[in-house]
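> After the structure tokens below, expect a handful of questions from me.
Protein chains: 2
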Amino acid sequence: MRRSVKLYDDPRSGNGYKVRLLLAQLSQPYQYLPIDILLGESRTPAFLKKNRNGRIPLLELEDGSCLPESNAILCFLSQGTPFWPTERLEQAQVMQWLFFEQYRHEPNIATPRFWLVIKGFEPTPFNLELLAQKQKAGNQALAVMDEHLQHRQFMVAERYTIADIALYAYTHEAHEGGFDLSRYPAVLAWLQRIRAQPGHITIDQWTAG
Amino acid sequence: MRRSVKLYDDPRSGNGYKVRLLLAQLSQPYQYLPIDILLGESRTPAFLKKNRNGRIPLLELEDGSCLPESNAILCFLSQGTPFWPTERLEQAQVMQWLFFEQYRHEPNIATPRFWLVIKGFEPTPFNLELLAQKQKAGNQALAVMDEHLQHRQFMVAERYTIADIALYAYTHEAHEGGFDLSRYPAVLAWLQRIRAQPGHITIDQWTAG
């Protein structure tokens, strides 16, 4: 049996979905290993040996090397494919949006969704204030995207790249974190373009290798 | 006069220091344009035209193209230099640590420093609890680095890369955010190795092009 890469992932994770979506669109087979983060399965001694940071998704290569960080995995898998630009400044612009996603978007848009629909939310005064701060910052991130997309079809280079994949993952589920996407019409139109890409899968899907 | 790149940066910023340090070690001349973020100079209409996200550092290229996000700038500038590995998995491992830095390290280590020594800290119950959470998470990030460095000289590929530059910037100032680095001896030894690299500059320095 031919060995393939392994993806350790919690099926509810948007960060994991980024990798599943790219692997599907690359038609690359892989072994899917579900990890329940709420049961602590990403903090077991065996998992911490693969990623000391205790996070999914994690890509394990054929030789046993382990690569964590969803956006680093996207960079790794997309090299030499149409999902990664060939021009140096466009490559840097993809990186720009990947860092924007992890710094300004994901902590403020994915974390409220995680609290409200996955982990459960205890409405203490501290938690309510932190949620409000994150929703305010998340709306600022969505406004940055909306303005950027008003005159563009895709985030970078006028074609579908891993910058779109990374930002799609939690943007399209933002309503679950209490965000009203109808305020961002350019974002809504972009979401439709992403869904129309060949080989698109939804967040609850994966392909087994 | 030969045109050079421009760096918009707040001299107190560790994110800006990453870029200044790499430019110095590349011996690349540049024009330095100080921006006072506390005075709102990164949110003026003129600056927002360059970066709608309203953040420094920002690299403006000779043709007027603007690239924000410190770690994306490091990737852009280091292509084809010894600060960026040539092997594909090692490149992805550099990316891994750049995303770790922006997601787990900087928000928990740089932000307390920003509050405590730059912006000023109002000790409300909410702020005190958030500071405590960030210091706990920041110590977890430092512990991940310390374990990683126990058997390594540098973060990736056993040589000095932009992964080291990105993590050095706020790690070496972590005490200003209330962190005790003596708990992390492998990190302390690594800081010394970084300081010993040719062309090293300190956070309060820059070279004018």
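Protein chains in written order, with numbering that gives the first Met the number 0: chain A, 0 to 208; chain B, 0 to 208. Ideal Cβ positions, reconstructed from N, Cα and C, are used throughout, including at glycine. Since this is a predicted model, take the numbers as computed values, not measurements.
1) Three-state secondary structure (DSSP) at A/Pro81?
2) Report back the beta-carbon spacing between B/Ile161 and B/Ser77 to the nearest angstrom; my notes put them in contact at under 8 Å.
3) So, does the stretch 112 to 129 of chain A touch the stretch 87 to 102 of chain B, judging by three or more C-beta pairs under 8 Å?
4) Roughly how many angstroms lie between the CA atoms of A/Leu37 and A/Lys118, to the nearest whole one?
5) Can you list the residues of chain A that B/Pro67 reaches, using a CB-CB cut of under 7 Å?
6) Which chain B residues are close to A/Gln191, counting only those with a beta carbon under 7 Å from its beta carbon?
7) So, at 8 Å on beta carbons, what are the nonlocal neighbours of B/Val143 in its own chain, with the 5 sequence-adjacent residues on each side left out?
8) Scan the stretch 89 to 115 of chain A and note each continuous alpha helix (DSSP H) run of 4 residues or more that stays entirely inside, going in chain order.
9) Under the three-state reduction of DSSP, which class applies to A/Glu146: helix, strand or coil?
10) Does the stretch 79 to 86 of chain A touch the stretch 42 to 55 of chain A, meaning 3 or more C-beta pairs lie closer than 8 Å?
11) Taking B/Glu105 as the reference, which of B/Ile202, B/Tyr7, B/Asn14 and B/Val4 has the closest Cα?
12) Quick one, which residues of the stretch 121 to 149 of chain B are near chain A if we go by CB-CB under 8 Å, in chain order?
13) Quick one: Cα of A/Trp205 to Cα of A/Val155, how far?
14) In or out: A/Glu59 buried (at least 16 other Cβ within 10 Å) or exposed?
15) If you compare alpha carbons, which of B/Gly53, B/Ser69 and B/Asn52 is closest to B/Ala20?
16) Name the chain A residues that come within less than 7 Å of B/Ala45, Cβ to Cβ?
17) Looking at C-alpha atoms only, which residue of A/Pro184, A/Glu128, A/Leu190 and A/Trp114 is the closest neighbour of A/Glu146?
18) Are the C-beta atoms of A/Gly208 and some chain B residue less than 9 Å apart?
19) Since A/Leu235 meets chain B, which of its residues come closer than 8 Å, beta carbon to beta carbon?
20) Is the beta carbon of A/Arg182 sitting closer than 9 Å to the one on A/Leu115?
21) Where does B/Gln191 fall in DSSP's three states?
22) How many Å lie between B/Gln132 and B/Phe178 at the Cα?
23) Between the C-alpha atoms of B/Ala212 and B/Lys17, what's the straight-line distance to the nearest angstrom?
24) Between A/Asn50, A/Cys74, A/Asp9 and A/Ile108, which has its C-alpha nearest A/Glu172's C-alpha?
25) For B/Gln149, I'd like the list of residues in its chain whose CB is within less than 8 Å of its CB, leaving aside the five on either flank, ordered along the chain.
26) Between B/Thr201, B/Arg151 and B/Glu157, which has its C-alpha nearest B/Gly170's C-alpha?
27) Using the Cα positions of B/Leu22 and B/Pro33, report the straight-line distance between them to the nearest angstrom.
28) Are A/Pro230 and A/Ser3 closer than 9 Å when you measure CB to CB?
29) Which of the residues in the stretch 98 to 115 of chain A, read from start to end, lie with their CB under 8 Å from any CB of chain B?
30) Using beta-carbon positions only, say whether B/Tyr31 and B/Asp8 come within less than 9 Å of one another.
31) Going along the stretch 73 to 95 of chain B in order, which residues come within less than 8 Å of chain A, judged by CB to CB distance?
32) Could you check if B/Pro197 is buried or exposed, using at least 16 other CB atoms within 10 Å of its CB as the buried criterion?
33) Compare the C-alpha of A/Glu86 against each of B/Leu88, B/Phe75 and B/Glu89 and name the closest.
34) Assuming contact is defined by CB atoms lying nearer than 9 Å, are A/Ile55 and B/Ala91 in contact in what I supplied?
The short version:
1) Numbered from 1 along the first sequence, position 82 holds the residue referred to as residue 81 of chain A. Residue state, collapsed to three classes: coil.
2) As a working note, residue 161 of chain B is residue 162 in the second sequence. As a working note, residue 77 of chain B is residue 78 in the second sequence. Rounded, the Cβ-Cβ distance is 5 Å, consistent with contact.
3) In short, these stretches do not touch, since the Cβ pair count stays below three.
4) Residue mapping note: residue 37 of chain A aligns to position 38 of the first sequence, counting from 1. Residue mapping note: residue 118 of chain A aligns to position 119 of the first sequence, counting from 1. Approximately 7 Å, taken between the alpha carbons.
5) Taking the first residue of the second sequence as position 1, residue 67 of chain B is located at position 68. Among the residues of chain A, those whose CB is under 7 Å from the CB of B/Pro67 are Gln95, following chain order.
6) Residue mapping note: residue 191 of chain A aligns to position 192 of the first sequence, counting from 1. Ordered by position in chain B, no residue passes the 7 Å Cβ test against A/Gln191, which lies about 22 Å from the chain.
7) Within the second sequence, the letter at position 144 stands for residue 143 of chain B. So the qualifying residues of the chain are Phe99 and Arg103.
8) If we require 4 residues or more, the alpha helix (DSSP H) runs fully inside the stretch 89 to 115 of chain A come out as 105 to 112.
9) If you number the first sequence from 1, residue 146 of chain A lands on position 147. Note: A/Glu146 maps to helix in three-state DSSP.
10) With a cut-off of 8 Å, the stretch 79 to 86 of chain A and the stretch 42 to 55 of chain A do not count as touching, because too few Cβ pairs lie within range.
11) Position 106 of the second sequence holds residue 105 of chain B. The shortest C-alpha to C-alpha distance from B/Glu105 to any of B/Ile202, B/Tyr7, B/Asn14 and B/Val4 is the one to B/Asn14.
12) If the cut-off is 8 Å between Cβ atoms, the stretch 121 to 149 of chain B has Pro124, Phe125, Glu128, Leu129, Val143, Glu146 and His147 near chain A.
13) Locating residue 205 of chain A in the first sequence gives position 206, where the first residue counts as 1. Locating residue 155 of chain A in the first sequence gives position 156, where the first residue counts as 1. Here the C-alpha atom of A/Trp205 lies approximately 26 Å from the C-alpha atom of A/Val155.
14) Working through the first sequence from its first residue, we reach residue 59 of chain A at position 60. A/Glu59 comes out buried.
15) As a working note, residue 20 of chain B is residue 21 in the second sequence. The question names Ala, but residue 20 of chain B in the sequence shown is Leu. Per the C-alpha coordinates, the member of B/Gly53, B/Ser69 and B/Asn52 positioned closest to B/Leu20 is B/Ser69.
16) Walking along the second sequence from the start, residue 45 of chain B turns up at place 46. Result: empty, since nearest Cβ-Cβ is about 16 Å, beyond 7 Å.
17) Working through the first sequence from its first residue, we reach residue 146 of chain A at position 147. It is A/Pro184 whose Cα lies nearest to the Cα of A/Glu146.
18) Within the first sequence, numbered from 1, the residue matching residue 208 of chain A stands at position 209. Confidence at A/Gly208 is low in this model, with a pLDDT of 46, below 50, so its placement is unreliable and the value that follows should be read with caution. Not an interface residue.
19) Beyond the ends of chain A as shown, which are 0 and 208, falls residue 235 of chain A; an answer cannot be given.
20) Against the first sequence, residue 182 of chain A aligns to sequence position 183. Against the first sequence, residue 115 of chain A aligns to sequence position 116. It is not a contact, given that the beta carbons lie outside the stated cut-off.
21) Locating residue 191 of chain B in the second sequence gives position 192, counting from the first residue. B/Gln191 sits in a helix when the DSSP states are folded into three classes.
22) In the second sequence, counting from the first residue as 1, residue 132 of chain B sits at position 133. In the second sequence, counting from the first residue as 1, residue 178 of chain B sits at position 179. Distance between the alpha carbons of B/Gln132 and B/Phe178: 13 Å.
23) In this structure chain B extends from 0 to 208, so residue 212 of chain B is not present and cannot be described.
24) Here the question's residue 172 of chain A lines up with position 173 in the first sequence. Nearest to A/Glu172 by C-alpha distance, out of A/Asn50, A/Cys74, A/Asp9 and A/Ile108, is A/Ile108.
25) On the second sequence, position 150 is the one that residue 149 of chain B refers to. For B/Gln149, where only same-chain residues beyond five positions count, the Cβ hits under 8 Å are Ala185.
26) If you number the second sequence from 1, residue 170 of chain B lands on position 171. According to the sequence displayed, residue 170 of chain B carries Thr and not Gly. For B/Thr170, the closest alpha carbon among the candidates B/Thr201, B/Arg151 and B/Glu157 is that of B/Thr201.
27) Counted from its first residue, the second sequence places residue 22 of chain B at position 23. Counted from its first residue, the second sequence places residue 33 of chain B at position 34. Near 16 Å, if we compare the C-alpha coordinates of B/Pro33 and B/Leu22.
28) No information on residue 230 of chain A is available, as it lies outside the stretch 0 to 208 that chain A covers here.
29) Within the stretch 98 to 115 of chain A, the qualifying residues are Phe98, Phe99, Gln101, Tyr102, Arg103, Glu105 and Pro106.
30) Here residue 31 of chain B corresponds to residue number 32 of the second sequence, with the count starting at 1. Here residue 8 of chain B corresponds to residue number 9 of the second sequence, with the count starting at 1. Yes, the Cβ-Cβ distance between B/Tyr31 and B/Asp8 is below 9 Å.
31) Identification of residues in the stretch 73 to 95 of chain B having a C-beta nearer than 8 Å to some C-beta of chain A yields Cys74, Phe75, Gln78, Arg87, Leu88, Gln90, Ala91, Gln92, Met94 and Gln95, given in sequence order.
32) By one-based count along the second sequence, residue 197 of chain B stands at place 198. Exposed, because fewer than 16 other Cβ atoms sit within 10 Å of the Cβ of B/Pro197.
33) Sequence index remark: in the first sequence, residue 86 of chain A carries index 87 (1-based). Residue B/Phe75 holds the alpha-carbon nearest to the alpha-carbon of A/Glu86 among B/Leu88, B/Phe75 and B/Glu89.
34) Within the first sequence, residue 55 of chain A is the residue found at index 56, counting from 1. Within the second sequence, residue 91 of chain B is the residue found at index 92, counting from 1. Their beta carbons are not under 9 Å apart, which means A/Ile55 does not touch B/Ala91 by this criterion.
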